[in-house]
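Structure record follows, encoded as structure tokens.
Chains as they are written, first to last, in this note's numbering: chain A, 1 to 203; chain B, 1001 to 1108.
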């Protein structure tokens, strides 16, 4: 059994705790149903369109199109809900991938935390280079503008699993000389590039 | 970012090694990194134990876990960008030539 660092174990616990909690557009139960659907399980508490969306984002992200997203919009899915769904599915993929890679079973879904969604009003988000409104041009740090909690989750995961998006010293993207757990920056970026290439993601 | 880190550390990296396993990229342990990354993200239960053992032998356990962690992070990032329609900027597009991989037609 590999000795997973405490900071990663703590990240996993922290992220699952927010997955099961109410978000901006979805209840905790709905968020867990999205996770379940993304994993390929049959879910009866979501619309078929949402279940399908979760699975497609999880399994075939490079095949997604704006036309497809527009069909979801035509069926009533708001952009805020879509962005929260995207953020959730992406997080689940990261967490599940890590568990698989280190040889652990996929984590069973926890029980949801009750409560209603807490909508967030985002000011100044427009379509600017992507498919969904963002605050500023669409790029990795703005794609989740409509779902701030999912943005925070993305940053949290990046800081622990990869490098912090901002900053110049330590385990940050600004530090070209970083060595983390014995991996040099070039080795880290090689893995990142290989992952993206296999996923057909060319950003 | 790979090119930037190589330049910053005076390393010579053949970017084609990212996409072509027969090309030595110049990144230490690239074969083991590739095998482990692929087995992890492609969810290959047969190859993964072999790739993990090779990575541990070459890089050590901590670096092996970190490799898996980085791959997991980019599984997340790739989905965030693809699901929101964010593709490579115009300035990024020559990277396709560097890694000797054609950009998909959806990027124009």
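Don't be surprised by glycine CBs; every beta carbon is placed ideally from N, CA and C. These figures come from a predicted structure and were not determined experimentally.
Sequence-distant residues of the same chain with beta carbon closer than 6 Å to residue i, five excluded per side
i: residue 43 of chain A; result: 33, 36, 37, 51
i: residue 1029 of chain B; result: 1058, 1059
i: residue 29 of chain A; result: 112
i: residue 1037 of chain B; result: 1071
Continuous alpha helix (DSSP H) stretch holding residue i: start and end
i: residue 151 of chain A; result: 148-161
i: residue 1085 of chain B; result: Neither: residue 1085 of chain B is in no alpha helix (DSSP H) and is coded neither H nor E.
i: residue 1034 of chain B; result: 1030-1041
i: residue 1059 of chain B; result: 1047-1059
i: residue 1006 of chain B; result: 1002-1008
i: residue 27 of chain A; result: Here residue 27 of chain A belongs to no alpha helix (DSSP H), and DSSP marks it neither H nor E.
i: residue 1019 of chain B; result: 1016-1019
i: residue 18 of chain A; result: 6-19
Close beta carbons around residue i, own chain, < 8 Å, minus the five adjacent residues each side
i: residue 56 of chain A; result: 63, 64, 68
i: residue 106 of chain A; result: 39, 96, 99, 100
i: residue 1017 of chain B; result: 1023, 1024, 1025, 1026, 1027, 1030
i: residue 185 of chain A; result: 175, 176, 177, 178, 179
i: residue 181 of chain A; result: 5
i: residue 129 of chain A; result: 137, 138, 139
i: residue 171 of chain A; result: 159, 163, 164, 178, 180
i: residue 18 of chain A; result: 149, 153
i: residue 1013 of chain B; result: 1002, 1003, 1006, 1025, 1026, 1027
i: residue 47 of chain A; result: 75
i: residue 14 of chain A; result: 156
i: residue 122 of chain A; result: 80, 133, 135, 145, 146, 148
i: residue 58 of chain A; result: 38, 39, 40, 89, 92, 93
i: residue 66 of chain A; result: 131
Euclidean distance between Cα positions of residue i and residue j
i: residue 1024 of chain B; j: residue 79 of chain A; result: 44 Å
i: residue 1003 of chain B; j: residue 166 of chain A; result: 19 Å
i: residue 119 of chain A; j: residue 27 of chain A; result: 11 Å
i: residue 86 of chain A; j: residue 1086 of chain B; result: 13 Å
i: residue 1082 of chain B; j: residue 102 of chain A; result: 26 Å
i: residue 1074 of chain B; j: residue 114 of chain A; result: 31 Å
i: residue 146 of chain A; j: residue 77 of chain A; result: 13 Å
i: residue 191 of chain A; j: residue 1033 of chain B; result: 6 Å
i: residue 2 of chain A; j: residue 1051 of chain B; result: 14 Å
i: residue 1035 of chain B; j: residue 1067 of chain B; result: 11 Å
i: residue 201 of chain A; j: residue 112 of chain A; result: 33 Å
i: residue 91 of chain A; j: residue 1055 of chain B; result: 25 Å
i: residue 1047 of chain B; j: residue 20 of chain A; result: 33 Å
i: residue 74 of chain A; j: residue 1039 of chain B; result: 38 Å
i: residue 1045 of chain B; j: residue 104 of chain A; result: 11 Å
i: residue 144 of chain A; j: residue 124 of chain A; result: 13 Å
i: residue 1011 of chain B; j: residue 187 of chain A; result: 11 Å
i: residue 1064 of chain B; j: residue 173 of chain A; result: 20 Å
i: residue 1088 of chain B; j: residue 41 of chain A; result: 32 Å
i: residue 1077 of chain B; j: residue 151 of chain A; result: 11 Å
i: residue 93 of chain A; j: residue 197 of chain A; result: 17 Å
i: residue 1053 of chain B; j: residue 31 of chain A; result: 36 Å
i: residue 61 of chain A; j: residue 195 of chain A; result: 13 Å
i: residue 82 of chain A; j: residue 1008 of chain B; result: 39 Å
i: residue 71 of chain A; j: residue 131 of chain A; result: 13 Å
i: residue 199 of chain A; j: residue 1070 of chain B; result: 14 Å
i: residue 49 of chain A; j: residue 168 of chain A; result: 42 Å
i: residue 1072 of chain B; j: residue 1079 of chain B; result: 11 Å
According to DSSP, residues forming a beta bridge with residue i
i: residue 183 of chain A; result: A:180
i: residue 125 of chain A; result: A:135
i: residue 252 of chain A; result: Outside the shown range of chain A (1 to 203) lies residue 252 of chain A, about which nothing can therefore be said.
Same chain, Cβ closer than 7 Å to residue i, neighbours up to 5 away in sequence not counted
i: residue 204 of chain A; result: Absent from the structure is residue 204 of chain A, since the part of chain A shown begins at 1 and ends at 203.
i: residue 54 of chain A; result: 34, 37, 38, 85, 89
i: residue 142 of chain A; result: 134, 135, 136
i: residue 7 of chain A; result: 160
i: residue 11 of chain A; result: 156, 157, 160
i: residue 110 of chain A; result: 16, 20
i: residue 126 of chain A; result: 133
Neighbour list for residue i in chain C, Cβ cutoff strictly below 7 Å
i: residue 102 of chain A; result: No chain C is present in this structure, whose protein chains are A and B.
Distance cut-off 6 Å: residue i Cβ against heavy atoms of the ligand ATP
i: residue 134 of chain A; result: This structure lacks the ligand ATP, and indeed carries no ligand of any kind.
Can you list, in chain order, the stretches of the alpha helix (DSSP H) that have 4 or more residues and sit fully within the region 35-114 of chain A? 48-59, 66-74, 79-101
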